[in-house]
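Visitor:
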Amino acid sequence: MSAVEDRLAELGLALPQTATPAGVYVPAQRSGRYVHTAGQVPLVDGALPATGKVGAEVTPEAAKELARTCALNALSAVRSVVGDLDRIAQVVKVTGFVASAPDFTGQPGVVNGASELLGEALGERGVHARSAVGVAVLPMDAPVEVEIQVELTD
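Take 1144 as the starting number for the sequence shown in the numbering used here and just add one per residue.
#1: Tell me whether T1248 counts as near the ligand FAD, meaning its Cβ is closer than 7 Å to at least one heavy atom of that ligand.
#2: Would you call P1286 buried or exposed, if buried means 16 or more other Cβ atoms sit within 10 Å of its Cβ?
#3: With a floor of 3 residues, list each beta strand (DSSP E) that falls wholly inside the region 1155 to 1198, ordered by position along the chain.
#4: Kindly indicate which residue of A1279, A1272, G1262 and A1214 has the alpha-carbon position closest to the one of A1244.
#5: Does the distance from the CB of V1234 to the CB of H1271 come in under 8 Å?
#6: Excluding sequence positions up to five away, which residues of its chain have a Cβ less than 6 Å from the Cβ of G1249?
#7: Mapping DSSP to helix, strand and coil, what is S1145?
#8: Is the beta carbon of H1179 closer than 8 Å to that of A1171?
#9: If you reduce the DSSP assignment to three classes, tell me which class A1279 lands in.
#10: What's the C-alpha gap between E1290 and T1163?
#11: Taking L1228 as part of the beta strand (DSSP E), name the residues at either end of that continuous run.
#12: Let me make sure I understand the geometry here. Which of G1166, R1268, E1288 and G1266 has the alpha-carbon closest to that of V1276?
#13: Are the beta-carbon atoms belonging to A1257 and G1239 less than 8 Å from one another?
#14: Rounding to the nearest angstrom, what Cα-Cα distance links A1181 and D1229 in this structure?
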């Protein structure tokens, strides 16, 4: 197990199995020293623990926890390509999509769940640029979706 996975275990977390794609794509793709993940919804054992719009059916606090799950799923996707999360030199970019009620404007707070998890797991290597975007709907009516780009060590 990698030091990153050991750190997750200290936090009471474990990387899930990489989710099976719901379409014609791969969970993560390596290009040179970079790995780009597909958007990861908060699947837990193959199911969404909540559905709906943040600010309506899903509270911002619950959505923030779901964003943490998305980040775990994204790390799993990275591991599926590189084998060892200790090869991550830096998380470069995080993009979070939040299915939002029309008047909800707290997307950055929701996506903080993913950003915080990456920082807890990777320390300084988890600091990243980020976008947090409100959208009308996400696949399977997921409240949040997160994708990450990481740079690998040599």
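C-beta atoms are modelled at their ideal positions from N, C-alpha and C, and glycine is treated no differently.
Guide: Reading off the structure:
#1: Only the bare structure without any ligand can be found here, which leaves the ligand FAD out of the picture.
#2: By 1-based counting over the sequence shown, the position of residue 1286 is 143. Flag for P1286 reads buried.
#3: 1171 to 1174 and 1177 to 1180
#4: Within the sequence shown, residue 1244 is the residue found at index 101, counting from 1. The shortest C-alpha to C-alpha distance from A1244 to any of A1279, A1272, G1262 and A1214 is the one to A1279.
#5: Taking the first residue of the sequence shown as 1, we reach residue 1234 at position 91. Taking the first residue of the sequence shown as 1, we reach residue 1271 at position 128. Cβ atoms of V1234 and H1271: closer than 8 Å.
#6: Position 106 of the sequence shown holds residue 1249. Excluding sequence neighbours, G1249 sits near P1203.
#7: Translated into positions along the sequence shown, residue 1145 becomes position 2. Three-state DSSP puts S1145 in coil, outside helix and strand.
#8: Translated into the one-based positions of the sequence shown, residue 1171 becomes position 28. Translated into the one-based positions of the sequence shown, residue 1179 becomes position 36. Taking 8 Å as the Cβ cut-off, A1171 and H1179 qualify as a contacting pair.
#9: The count along the sequence shown starts at 1 and reaches residue 1279 at position 136. Of the three classes helix, strand and coil, the one that applies to A1279 here is coil, per DSSP.
#10: Position 147 of the sequence shown holds residue 1290. Position 20 of the sequence shown holds residue 1163. E1290 and T1163 have their C-alpha atoms roughly 15 Å apart.
#11: Walking along the sequence shown from the start, residue 1228 turns up at place 85. Neither: L1228 is in no beta strand (DSSP E) and is coded neither H nor E.
#12: Taking the sequence shown and counting its residues from 1, one reaches residue 1276 at position 133. It is E1288 whose Cα lies nearest to the Cα of V1276.
#13: Position 114 of the sequence shown holds residue 1257. Position 96 of the sequence shown holds residue 1239. A contact, by the Cβ cut-off of 8 Å.
#14: Numbered from 1 along the sequence shown, position 38 holds the residue referred to as residue 1181. Numbered from 1 along the sequence shown, position 86 holds the residue referred to as residue 1229. Between A1181 and D1229, the C-alpha separation is close to 20 Å.
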